[in-house]
Amino acid sequence: MWGGRFAAGPDAVMQAINASIDFDQRLWREDLAGSRAHCRMLADQAIISAADRDAILGGLDQIEAELEAGDFTFDPALEDIHMHVEARLREIIGPAAGRLHTARSRNDQVATDFKLWVRNAIDSIDGQLAAFQTALLAQAEAHLETIMPGFTHLQTAQPVTLAHHLMAYWEMARRDRGRFADARARLNECPLGAGALAGTSFAIDRAATAAALDFDKPTDNSLDSVSDRDFALEFLSAASICALHLSRLAEELVIFASQPFGFVTLSDRFSTGSSMMPQKRNPDAAELTRAKVGRILGAFQALSIVMKGLPLTYSKDCQEEKEPVFDATDSLSLAIAAMSGIMEDLKFRPEPLRAHAAAGFSTATDLADWLVQALGLPFRDAHHVTGAIVKLAEDKGCGLEDLSLAEMQSVHSDITQDVFTRLGVDNSVASRTSHGGTSPTNVAAQIKAAKAVMGLE
Ligand code: ARG
């Protein structure tokens, strides 16, 4: 490729540290797409002849077929996917292959290929997240009336509906999709034609190549074009936050599936057994999803550190962009698939969920609210009166709703029978009708709105 001024070939170590073909072969589809767009544009601008264009496009078709069929030979001496394609093109069509690289450098080529790859990754992750949201919606619809403990500090706090809890994850996924969409919109400017760094003296049409590759426009600064990797960082940052959300759900499932909780049963499809303990049903997929955030966030750090302090424009450091992005994409894709599958199959156990929802005087706030609303007590006083009633129930070893009216009145004489309409988990949940609150009517409306946003039904 640059043999003109070199007398000796590279040392084996030089070749080993320099080569990216082992991993950047994943860019072959994007590389061919970029080359086709560039080739057509060169002919349209009369920079190469129509005959050369046709020969090049024919050769690229053959290379595509070879790559698709898995009978393309990779050679570590040819550093990267770009050189592989060009070298094979020369074998197939002869010297005309050399015209494809007119007005192009591997610097703008790799930036273009990688942007296309990340854009495809975003689209596929978005589709997976939509499927995950659909699985959450199906479970939420089935559990509109199922009561579970709502936690703060992992202490039973107030009863909520299971549908409401699941829809919290739907919201996280909605924001994740928004972050990926933002990254995609900012990414969508085409670096092709920036050349090595400074542009080119050939009369190329960058708007045409940008349009052919479904970019909104060409990038406006050639120096920035070849050195910018923000799009990969933004993708990894959105991926990290998404993975972090999945890890929270995964953690809950690990806890909820454990024997002391017994809130859920994982399906056979998403459990593993133990080689020693025949009774075990382990939540490995959830545990691994919980762990994946480590490598995905690690990828963001790795690429940030590669890019930190790099002078303009392209430096070979940029080649190190790819492995973290590939690994993070594979990990995230697997984690979303696992959580979608687990969610589709998951069996919730309404009885223990309900029993724990009622534990620990979880409707004490409802009692305090009633004292404020029905008797006009200041909330601080109501809190105090409620505390005394909780103490009474605790001493008796019963729930608040199991106390008699007389017992309640022994703490505050104005309390009436009406208080019992607020106690008990069903009454508590039904009363929380403020916007975003847990009442089944609210959550049913949230689910309906979510389905409309997703174009379901
Ligand atoms: N394999 C290189 C990469 O992935 C391609 C660009 C090489 N450019 C260069 N001037 N050496 O970044």
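Under my numbering, residues 270 to 726 are what the sequence shown spells out, in order.
Cβ atoms here follow ideal geometry from the backbone N, Cα and C, with glycine treated the same way.
Could you tell me whether the Cβ atoms of A404 and A432 are closer together than 8 Å?
no
Does the beta-carbon of K665 have 16 or more other beta-carbons within 10 angstroms, so that it is buried, or is it exposed?
exposed
beta-carbon N711 near the ligand ARG non-hydrogen atom, thresh 7 Å
no
With respect to 7 Å, is the separation between the Cβ of E440 and the closest non-hydrogen atom of the ligand ARG below this value?
no
If we cut at 8 Å on Cβ distances, does H653 have a partner in chain D?
No chain D is present in this structure, which holds just one protein chain.
Roughly how many angstroms separate the alpha carbons of G645 and T425, rounded to a whole number?
28 Å
Beta bridge counterpart(s) of P487 as assigned by DSSP
C459
Residues near L385 in its chain [Cβ-Cβ closer than 6 Å; skip 5 each side]
E299
Inter-stretch contact at 8 Å, needing at least 3 Cβ pairs: the region 480-494 / the region 540-553:
no
Between the C-alpha atoms of V712 and A554, what's the straight-line distance to the nearest angstrom?
29 Å
What do you get for K660, buried or exposed, if any count of 16 or more other CB atoms within 10 angstroms of its CB means buried?
exposed
Tell me whether R375 counts as near the ligand ARG, meaning its Cβ is closer than 7 Å to at least one heavy atom of that ligand.
yes
Please report the straight-line C-alpha distance between L513 and C587, rounded to a whole angstrom.
26 Å
At a cut-off of 7 Å, would you count E355 as near the ligand ARG, judging by its Cβ distance to the nearest heavy atom?
no
Is any heavy atom in the ligand ARG found nearer than 7 Å to the beta carbon of A414?
The displayed chain sequence assigns Glu, not Ala, to residue 414. Checking every heavy atom of the ligand ARG against the Cβ of E414, none is found closer than 7 Å.
Name the residue from P345, P364 and Y583 whose alpha carbon lies nearest to the alpha carbon of R322.
P364
Kindly provide the ranges of any alpha helix (DSSP H) runs that are 4 or more residues long and lie completely inside the region 655-722, ordered along the chain.
674-680, 694-700 and 709-722
Closer than 7 Å: S289 CB and nearest the ligand ARG heavy atom
yes
What are the boundary residues of the alpha helix (DSSP H) that M283 is part of?
A281 to N287
Would the region 664-679 count as touching the region 612-624 if we require 3 or more Cβ pairs under 8 Å?
no
Between the beta-carbon of L572 and the beta-carbon of L492, is there less than 8 Å?
no
From M283, A560 and R368, pick the residue whose C-alpha is nearest to that of R305; which is it?
R368
Please indicate yes or no: does the CB of E592 lie closer than 7 Å to some heavy atom of the ligand ARG?
no
A467 by DSSP, collapsed to three states: which one?
coil
Sorted by chain position, which residues of the same chain lie with C-beta nearer than 8 Å to T415's C-beta, five sequence neighbours on each side aside?
T430, L431, A432, F617, P619, L622 and R623
Can you tell me the Cα-Cα spacing of I325 and F275, whole angstroms?
28 Å
So is T702 buried or exposed if we call it buried at 16+ other beta carbons inside 10 Å?
exposed
Are the CB atoms of S600 and I565 within a distance shorter than 8 Å?
yes
Cβ contact (3+ pairs, closer than 8 Å) linking the region 529-539 and the region 465-474:
no
Does the count of Cβ pairs from the region 607-615 and the region 384-403 closer than 8 Å reach three?
yes
Please state the DSSP three-state secondary structure of I510.
helix
Which same chain residues, not among the five before or five after S393, have their C-beta less than 8 Å away from its C-beta?
S602
Check for me: the alpha helix (DSSP H) holding F569 runs from which residue to which?
D553 to M576
Across the region 282-300 and the region 342-362, are there enough close Cβ pairs to call them in contact, namely three or more that are closer than 8 Å?
yes
Say the cut is 7 Å; is the CB of D293 nearer than that to a heavy atom of the ligand ARG?
yes
Excluding five sequence neighbours on each side, which residues of the same chain lie with their C-beta closer than 7 Å to the C-beta of D614?
S536, R538 and F539
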